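All letters in the first sequence, in the order written, are residues 88 to 856 by this note's numbering.
Note that beta-carbon positions come from the ideal geometry of N, C-alpha and C, so glycine has one too.
Being a predicted model, the structure only gives us computed values, none of them experimental.
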Amino acid sequence: MMLNSKSTSAPDPLLDPLNPPQRQAVLHAEGPLLILAGAGSGKTRVITHRIAYLVRRGVRPESILAITFTNKAAGEMRRRVEKLLGVEPPWVSTFHSFAARLLRRHLDRVPPYTRDFTIYDEDDSFNLLKSCLEETGVDRGLIPLRSLREEISQIKNRGILEADALPPASDLRSRILRQVYGRYREALEERNAVDFDDLLLLLLKLLETQPDLLERYRRQFRYVLIDEFQDTNRVQYLISHRIAEPHRNLCVTGDPDQSIYSWRGADLQNMLNFEKDYPETAVVKLEQNYRSTGNILETANQVIQFNRQRREKVLWTENGAGEPVEVHCFSSAEEEAREIAELVEELEREGVRGSDIAIFYRTNNLSREIERALVAFNIPYTIVGAIEFYERKEVKDLVAFLRLLVNRRDTESFRRVINLPPRGIGKATLEKLFQAAAQAGVAPLMAALDPALRARAARGRALAGLEAFCSLYQALAGRLDQPVSRLLELLIEQLGYEAYLLSSGLDHLEDRLANLAELVSAAAQYEERQPEGSAGGFLEEISLLAAVDRWEEKRDRVTLMTLHSAKGLEFPVVIIAGLEEGTLPLIRKNTEDRTDREEERRLFYVGVTRAQRQLYLTHARSRLQYGSRFSSSPSSFLKELLSSGPACWLRVDDLTREALAEEEARAGSWDLEWDASGPRRRYSPGGGRTEKDGPEKDGSEKEWAEEDWPDEDPGEDPFPPGCRVYHDTYGEGIVLQASGLGRRRRLTIDFESVGEKRLVLGFARLRRI
DNA sequence: CTTCTGCGTGTTTTT
DNA sequence: CACGCAGAAG
C-alpha cells in the first residue's frame with residue numbers, strides 16, 4: 088500500500104507518498120478540478136493530502152468544505168488530516184449533515200419553520216404521506232403509496248419545492264400527484280419537519296433566496312471538495328455550484344463506473360457535464376490501483392467493460408497477480424451459506440482475521456441464510472444495516488417522545504406516543520382532538536395540553552388518559568435542560584416503559600430491554616463527544632447516521648453488508664454471494680426495465696473492487712423465497728466473466744460451467760417446465776413435482792457434516808468408482824471414474840436422469856446410497 | 001378501545 | 001415465510 092519514495096530534497100509527508108497524478112491533484116490548489124479516480128487508486132489519500140496541503144499554504148481550515156458520502160468516511164478523513172497536520176478541519180461531513188447544520192442555523196427564515204425542526208426518516212414521511220392521501224380523499228387503490236413516495240422524492244431531487252411549480256397536470260395521475268404533494272408539503276411545514284430530500288432542497292432554496300446567506304457562505308467556503316461525485320443528485324450539485332461559482336475552487340472526485348444510486352436521484356450528468364459549467368477545469372485521472380491483486384483487477388476490468396455507457400478506463404497495478412478469483416456453485420442457498428461459513432472457518436484457521444473478511448450480497452434478505460450458517464459454525468460476525476437499531480419499535484417509541492419534547496408540532500411523533508402505553512385514547516378521541524386543534528389553529532399536542540380544548544375532545548376514560556399524558560409530558564418538558572441520557576432514563580421510568588414492554592406480549596423481550604439500555608448509552612456517548620450538545624443535537628445525529636456509520640470494526644468479526652453499503656470500503660478477503668440472474672443483477676417482476684442492468688453491473692464492479700487479496704463469487708441453483716423453493720441460474724455477469732475464454736485469473740467451478748451451459752441450451756428450447764416464467768422458476772428436483780419446503784431436510788443435512796470431506800487427505804475414498812450416489816439435483820447415479828484428491832476431487836458420474844456429469848466433490852452434495 | 005385472527009402480498013439498494 | 005392490514009369480538 089505504502090509507496091516507497093526517496094526524495095532527494097527534504098522529506099515532505101504531504102507530497103512524497105504520492106504518485107505523479109496524485110501529486111498533480113494535490114498541487115492544483117486553485118480553480119476547478121475533476122479527479123477521475125478509479126477504484127483503489129488512493130482517492131481518499133489525495134483528498135486528505137489536498138486538504139492538508141491547502142492548510143499548509145495558509146488556507147484556514149474552516150474555509151474548507153469537504154463532502155463525503157458517509158459520516159464514517161467523513162470521520163476518517165478528519166482523522167487523517169489531523170494526523171498529517173495536527174488540525175481537524177471542522178467542515179467535513181455528508182451533504183445531509185452539512186445541510187442540517189446550516190438549516191439548524193437559518194431555517195427560521197422560512198416560516199413557519201423554526202430552528203428546532205425535526206428530521207423525518209423514511210418511515211415517518213411514509214406515514215405522513217399516507218395520512219395526506221387520506222385527507223385529500225384520493226382512492227388508495229389508484230396509486231400505490233410506495234410509488235407516490237418515490238415520485239415525490241424525484242420531484243424534490245429535481246429541485247422543485249412548491250407543488251405549483253410542477254408542470255400543469257394533464258392526466259389523472261399527475262393531478263393526484265400534484266394535489267398530494269401540495270398537501271404533504273403543507274403537512275411537513277405544519278409539523279415543523281423536513282424529510283431527507285428537504286434537507287438538501289431547503290438549503291438550496293435558502294441559498295437562492297437569501298442573498299446575504301449566499302454571500303456569507305461563499306466567503307466562508309473558499310475551497311469546496313465533493314467526494315463520490317458520481318452519486319450526487321441535481322440539488323446537491325446546485326448547492327455546491329452556488330457556493331463555488333464565484334471563486335471556482337471546486338474539486339470533485341468520483342468514478343462513473345461506481346455510480347450506484349441513480350434510483351435515489353444520483354445524476355451521472357453532474358460528472359459528465361462538469362466541464363460545461365467549469366470550462367477551465369483541470370482533469371486528473373487516477374488509474375493505478377494500490378488495493379487489489381492483479382487477478383482481482385483483471386476480473387474487475389472484465390466485468391465493467393460490458394457497460395456501454397462509459398468512458399474507457401483501465402485500472403492497472405504493480406501488485407502481484409495473487410490468487411485466482413474463485414467462482415463456486417452450490418445446489419441451494421442453504422448449502423451456499425454453509426460453504427461460505429466453512430470457507431471463513433478455513434481462512435481463519437489459516438490465520439486470516441475475521442475482520443479482514445467481508446461478505447456482500449445484493450439484497451438484505453440474503454443475509455439471513457448466511458447468518459444462520461455463521462451462527463451454526465460459531466463464527467462471530469457483524470451485520471451492517473438490515474434491521475437497524477433506530478428502526479426498532481422500542482427505540483422509535485422513545486425517540487418519538489424525545490422528538491415531541493423538542494418540537495411540539497411534530498404530530499407524527501405525537502400520534503405515535505399519545506397512547507403509549509395504552510391509556511384509552513383511540514382513533515375516535517384522536518380524531519376529535521385533531522379537529523379541535525385545527526379549529527383553534529394549534530398543533531394537536533397544544534390542544535391536548537389545553538384543558539378546555541381537551542375537554543371538548545374527550546370525556547371519561549379517554550379524557551383521563553389525555554390528562555395523564557399531559558402531566559407526564561409537562562414533567563419531562565421541564566427537564567429538557569438535563570443531559571439527553573438522563574432525560575431518556577426519566578422517560579423510560581416515568582412512562583413505565585419496561586413494564587409496558589413486559590406486558591405487551593411482544594417477542595424478543597430481552598433484546599428489547601437491552602436496546603433501551605443501548606439507547607441510553609448511545610446518548611451518553613453523544614454527550615461525551617458533544618459536551619455542548621442538546622436533545623435536538625442527539626436526535627439530529629441519529630437520524631442522519633447511516634448503517635455503516637454505526638458499524639465498528641471489531642476484531643475477529645466477519646462483516647456482512649449489502650453491496651451498496653460496501654462502497655468506499657476495502658477488505659483483504661471478499662465473498663460475494665447470490666450471483667444469480669434475477670438477484671444480481673436484480674430483476675423485479677412486473678416492472679419493465681426499471682432496474683438498469685448497467686447500474687447492476689456497476690454494483691457488482693464496486694463489490695469486486697473492494698477486495699484486496701482474495702475474492703470469491705458464489706451462486707446457488709435454488710433458493711427459498713416466500714416459503715417455497717425457486718431454482719436460479721447463474722448470473723449473466725458470470726457468463727460475461729467467462730466469455731473471454733480460459734483465464735488464469737479465474738478459477739471456475741465445473742458446476743457453474745455446467746449451469747451456464749444448461750442455461751444456454753435451454754434458451755432456444757421449448758421446455759415448458761423450466762422455461763415458462765422467466766428467470767425465476769419453481770424448483771423441481773429431478774424434473775418432477777414441486778417441492779414444498781418440508782421437514783425432510785433436517786435429516787439429510789446432518790449427513791453432510793464436514794468430517795465427511797477430508798481436505799487434501801488421501802485416506803479412504805468416500806466415493807470409489809462403481810458406487811451408487813444420490814445428488815440433490817440430478818438424482819441417482821453411478822460413479823464412473825474419479826481423479827484428484829480431497830475437496831477438489833473430480834468425479835464422473837452417470838446419472839439415471841441426465842446422463843454423465845463431471846462434478847467437484849467439495850461442492851457437489853453427494854450421498855452414497 | 002383493544003386485541004385477536006386470518007388473508008394477501010411480496011419492498012432492491014439508503015441519506 | 002413473515003409482515004401488515006382489515007375486520008370482528010370482547
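About 6 Å separates the Cβ atoms of Y377 and G129, confirming a contact at the 8 Å cut-off.
Note that the segment 156-164 touches the segment 633-648; at least 3 beta-carbon pairs, one per stretch, sit closer than 8 Å. Distance from the CA of Q323 to the CA of L690, rounded to the nearest whole angstrom, comes to 22 Å. Beta bridge pairing from DSSP links V322 with no other residue. Residue state for C810 is assigned as coil, using DSSP reduced to three classes. Closest by C-alpha distance to A524, out of A539, G511 and G513, is A539.
Selection Y587, L123, A586 and L559 evaluated against L574 yields L559 as nearest (Cα-Cα). Closest in alpha carbon position to L123, among E640, L373, Y713 and L671, is L373.
In this structure, DSSP gives G552 a helical state, which the three-state scheme calls helix. P659 sits in a strand when the DSSP states are folded into three classes.
Per DSSP, the beta-bridge partners of R854 are Y813. For I674, the three-state secondary structure derived from DSSP is coil. In its own chain, leaving out the 5 sequence neighbours on each side, no residue places its CB closer than 7 Å to the CB of R233. Between the alpha carbons of S442 and K641 lies a distance of about 7 Å. DSSP, read as helix, strand or coil, puts L737 in strand.
If the five residues before and after L536 are omitted, its C-beta is found closer than 6 Å to the C-beta atoms of C557, all from its own chain and listed in chain order. The C-beta distance from I239 to Y271 rounds to 7 Å, short enough to meet the 8 Å contact threshold. Cβ-Cβ distances below 8 Å link P411 to N382, C735, W736, L737 and R738 in the same chain, with the five nearest sequence neighbours on each side left out; the list follows chain order. For T131, the enclosing alpha helix (DSSP H) stretches over residues K130 to R143. Under DSSP, Q375 forms a beta bridge with W403. Counted as a single uninterrupted DSSP element, the alpha helix (DSSP H) harbouring H193 occupies residues F182 to H193. Closest by C-alpha distance to E362, out of Y268, E839 and R335, is R335.
For D299, the uninterrupted alpha helix (DSSP H) segment begins and ends at P298 to Q307.
Here the alpha carbons of P467 and F717 stand approximately 30 Å from one another. Of the residues T450, R496 and Y348, the one whose Cα lies closest to the Cα of Q241 is Y348. Proximity to R496 across E277, I313 and P119 peaks at E277, based on C-alpha coordinates. The count of Cβ pairs closer than 8 Å, one atom from the segment 295-315 and one from the segment 133-153, reaches three, so the stretches are in contact.
Here the alpha carbons of A610 and R616 stand approximately 10 Å from one another.
Judged by beta-carbon spacing, V695 lies within the 9 Å limit of A387, meaning their Cβ atoms are closer than that value. Going by beta carbons, E413 and L702 fall inside the 9 Å limit. Cβ atoms of G552 and R502 stay farther apart than 8 Å, at about 14 Å. About 18 Å separates the beta carbon of T743 from that of F447, a gap too long to meet the 8 Å contact definition.
Shown here, L253 sits in coil according to DSSP, grouped into three states, outside any helix or strand. Scanning its chain for C-beta atoms nearer than 6 Å, with the 5 sequence neighbours on each side dropped, one finds around Y813 the residues E819, R854 and I856, in chain order.
DSSP places S454 in no beta strand (DSSP E) but in the uninterrupted alpha helix (DSSP H) bounded by S454 to A463.
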